[in-house]
């Protein structure tokens, strides 16, 4: 599927917002991802979907290697080949009325679409966003525009609560948690949560992104699972942490 | 009207295009993209006697013109494959399939092959003695002529269906191993498996793959694969399935000219789920362009 770049702008150090115009009819849930083909690279790059409407979608990605660096240099009007609508996404019907949405760094983007979906489903989510430092904060204005309570943590204390996202959680916090972020953050949130369930979005190096190659397999309590196809969102009950 | 069909050890294939093992699962994920019954056949995920989770992640890395994988033969084990995957496959694929088998001892190869040989859906067996990502098995059997012959002979003794032995390119002389397999009774040969490679992350200064090394596939390996198919074709009389970086109808024709009766497509499926569909659809036009009426007529055509 072809998508045209509407905007590809730097929004924080090494973090870019990519607006793409094209078919989004295959997107069924927040937390899904797409696989972007980049000129000059063999494997597609998996990137989570931040938000979408009937005309296109917004991706936010971090430059971490040669592929994403090349992506950051593409200009408005360029056309990308994208495999879209991948992964399961979050289930907004599984939580109570007051879920807690927790994101860390570049794990934050899919939680924006999730928070909007939770609001549409009549829930009243609270949001915790964790960053390393003030300069690295992004999407905060957009979250605040949704009129949801947002707590920001920074590891160095340069903005909001000093520390990690778990420092903004209550001990044995019994709210239903939706989380996305680096693995150590997810595990810390999992440990601190007092809720028996919750949904955690994982990340893994992938080849295909649609369940064929077994490149991104993890062990769960219900056996081996593919992060790309059976996830990336896993229920807390399944995670062997 | 051009003729795409080929005869592979008595199996009449509508066309020579076969997704390679490990790049197509059991076909289910691709059947949502297109009707996979248009394929010649497909080689399903490598099966071992016992279930295997495989290697820790990262299992995948990018390379120039290709990729590395170190999946390590993740599969649910032969009993599960027979009880669940094969019956499910029957719902969406109606042609004979290729059962790819791996093992860690000759006994394991024998037992797994015997069980899969008895399955009606299985058209032929592909014995993988060339997986670079497992220890104490896989490639260990494929890097010496004696052990390759021993596996071949043992499997042939318990099976009725054609047995193709999948060879490793990570050897000094693939021809001598190919000949040893032929002499031991192999009905055909599949080549090549992946080339052992690695990448290092400059930030962490550590190998990217958790398994340190992995198998290189993709367009980067095509000339190596083509060369080996050409060499082996010259030396043996049994049919070959050629594979390694095949990504287009042109590559399929080139591989057949080198000596392949059928052509497997691996990594290309992972980058473009429609890869095999597009190759099959583009074959007639490519054939007309080069005045080929029947693909069967060009097998080994590059040999004088």
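Protein chains in written order, with this note's numbering: chain A, 4 to 244; chain B, 31 to 334. The beta-carbon is built from N, C-alpha and C at its ideal position, and this holds for glycine as well.
From the options, residue whose alpha carbon lies closest to that of residue i
{"i": "residue 36(A)", "options": "87(A), 124(A), 165(A)", "result": "87(A)"}
{"i": "residue 175(B)", "options": "188(B), 186(B), 159(B)", "result": "159(B)"}
{"i": "residue 333(B)", "options": "312(B), 294(B), 295(B), 285(B)", "result": "285(B)"}
{"i": "residue 302(B)", "options": "49(B), 316(B), 153(B), 244(B)", "result": "49(B)"}
{"i": "residue 64(A)", "options": "109(A), 210(A), 22(A), 24(A)", "result": "109(A)"}
{"i": "residue 111(A)", "options": "244(A), 25(A), 204(A), 219(A)", "result": "204(A)"}
{"i": "residue 46(B)", "options": "276(B), 320(B), 318(B), 297(B)", "result": "276(B)"}
{"i": "residue 92(B)", "options": "75(A), 47(A), 221(A)", "result": "47(A)"}
{"i": "residue 77(B)", "options": "157(B), 261(B), 225(B)", "result": "157(B)"}
{"i": "residue 258(B)", "options": "246(B), 250(B), 288(B), 236(B)", "result": "288(B)"}
{"i": "residue 251(B)", "options": "69(B), 53(B), 297(B), 135(B)", "result": "297(B)"}
{"i": "residue 143(A)", "options": "115(A), 122(A), 126(A), 183(A)", "result": "115(A)"}
{"i": "residue 174(A)", "options": "183(A), 185(A), 196(A)", "result": "196(A)"}
{"i": "residue 243(A)", "options": "232(A), 212(A), 186(A)", "result": "186(A)"}
{"i": "residue 254(B)", "options": "324(B), 241(B), 223(B)", "result": "223(B)"}
{"i": "residue 219(A)", "options": "16(A), 90(A), 121(A)", "result": "90(A)"}
{"i": "residue 141(A)", "options": "166(A), 236(A), 16(A)", "result": "16(A)"}
Contact list for residue i against chain A, beta-carbon separation under 7 Å
{"i": "residue 84(B)", "result": "217, 220"}
{"i": "residue 53(B)", "result": "215, 216"}
{"i": "residue 88(B)", "result": "208"}
{"i": "residue 104(B)", "result": "217, 220, 227"}
Proximal residues to residue i (C-beta, below 8 Å), its chain only, five neighbours per side dropped
{"i": "residue 164(A)", "result": "154, 155, 156, 157, 170, 171"}
{"i": "residue 268(B)", "result": "212, 216, 217, 218, 219"}
{"i": "residue 241(A)", "result": "223, 224, 225, 228"}
{"i": "residue 41(B)", "result": "71, 126, 153, 154, 192"}
{"i": "residue 305(B)", "result": "277, 295, 298, 299"}
{"i": "residue 312(B)", "result": "278, 279"}
Interface residues of chain B facing residue i [CB-CB closer than 9 Å]
{"i": "residue 213(A)", "result": "59, 60, 62, 63, 300, 303"}
{"i": "residue 45(A)", "result": "92, 93, 94, 95, 96, 97, 248, 249, 250, 297, 301"}
{"i": "residue 187(A)", "result": "Here the premise fails: no neighbours, minimum Cβ distance about 15 Å."}
{"i": "residue 70(A)", "result": "92"}
Same chain, Cβ closer than 7 Å to residue i, five either side skipped, listed in chain order
{"i": "residue 110(B)", "result": "81"}
{"i": "residue 118(A)", "result": "104, 128, 130, 146, 149, 151"}
{"i": "residue 44(B)", "result": "34, 35, 70"}
{"i": "residue 33(A)", "result": "92, 93, 113, 116, 117, 120"}
{"i": "residue 43(A)", "result": "73"}
The ligand COA heavy atom lying under 7 Å from the CB of residue i
{"i": "residue 43(A)", "result": "Looking at this structure, you won't find the ligand COA or any other ligand, since it has none at all."}
Per-residue contacts from residue i into chain A (C-beta, under 8 Å)
{"i": "residue 101(B)", "result": "216, 217, 218, 220"}
Contact list for residue i against chain B, beta-carbon separation under 7 Å
{"i": "residue 25(A)", "result": "Chain B residues near residue 25(A): none, gap ~17 Å exceeds 7 Å."}
8 Å contact criterion, which residue i and residue j should meet: CB distance rounded
{"i": "residue 77(A)", "j": "residue 6(A)", "result": "That belief does not hold up - the Cβ atoms of residue 77(A) and residue 6(A) are roughly 11 Å apart, past 8 Å."}
{"i": "residue 68(A)", "j": "residue 31(A)", "result": "That belief does not hold up - the Cβ atoms of residue 68(A) and residue 31(A) are roughly 29 Å apart, past 8 Å."}
{"i": "residue 199(B)", "j": "residue 39(B)", "result": "The Cβ separation is near 23 Å, so there is no contact."}
{"i": "residue 299(B)", "j": "residue 215(A)", "result": "7 Å"}
{"i": "residue 292(B)", "j": "residue 62(B)", "result": "Wrong, their Cβ atoms sit about 25 Å apart, outside the cutoff."}
{"i": "residue 221(B)", "j": "residue 98(B)", "result": "The pair is not a contact, with the Cβ atoms about 19 Å apart (cut-off 8 Å)."}
{"i": "residue 45(A)", "j": "residue 95(B)", "result": "6 Å"}
{"i": "residue 330(B)", "j": "residue 263(B)", "result": "5 Å"}
{"i": "residue 225(B)", "j": "residue 246(B)", "result": "4 Å"}
{"i": "residue 108(B)", "j": "residue 146(B)", "result": "7 Å"}
{"i": "residue 136(B)", "j": "residue 180(B)", "result": "6 Å"}
{"i": "residue 204(B)", "j": "residue 261(B)", "result": "7 Å"}
Close-in-space but distant-in-sequence residues of the same chain around residue i (CB under 6 Å, 5 per side omitted)
{"i": "residue 102(B)", "result": "84, 85, 163, 164"}
{"i": "residue 136(A)", "result": "157, 159, 161"}
{"i": "residue 130(B)", "result": "51, 73, 76, 156, 158"}
{"i": "residue 54(A)", "result": "61, 115, 116"}
Scan the stretch 148 to 205 of chain B and note each continuous alpha helix (DSSP H) run of 4 residues or more that stays entirely inside, going in chain order. 175 to 186
Ignoring anything shorter than 3 residues or poking outside the stretch 34 to 122 of chain A, list the beta strand (DSSP E) runs there in chain order. 36 to 40, 48 to 56, 59 to 65, 82 to 89, 103 to 107
Enumerated in chain order, which unbroken segments of the beta strand (DSSP E) with a length of 3 residues or greater are wholly contained in the stretch 41 to 67 of chain B? 41 to 43, 47 to 49
In chain order, what are the residue ranges of uninterrupted alpha helix (DSSP H) at least 4 long that sit wholly in the stretch 68 to 136 of chain B? 116 to 122
Minimum length 4: unbroken alpha helix (DSSP H) runs contained in the stretch 107 to 194 of chain A: 112 to 123, 143 to 148
Which ranges would you report for the beta strand (DSSP E) in the stretch 200 to 226 of chain A if only whole runs of at least 3 residues count? 202 to 204, 220 to 223
Return the chain-ordered ranges of every alpha helix (DSSP H) run that is complete within the stretch 256 to 294 of chain B and spans a minimum of 4 residues. 279 to 288
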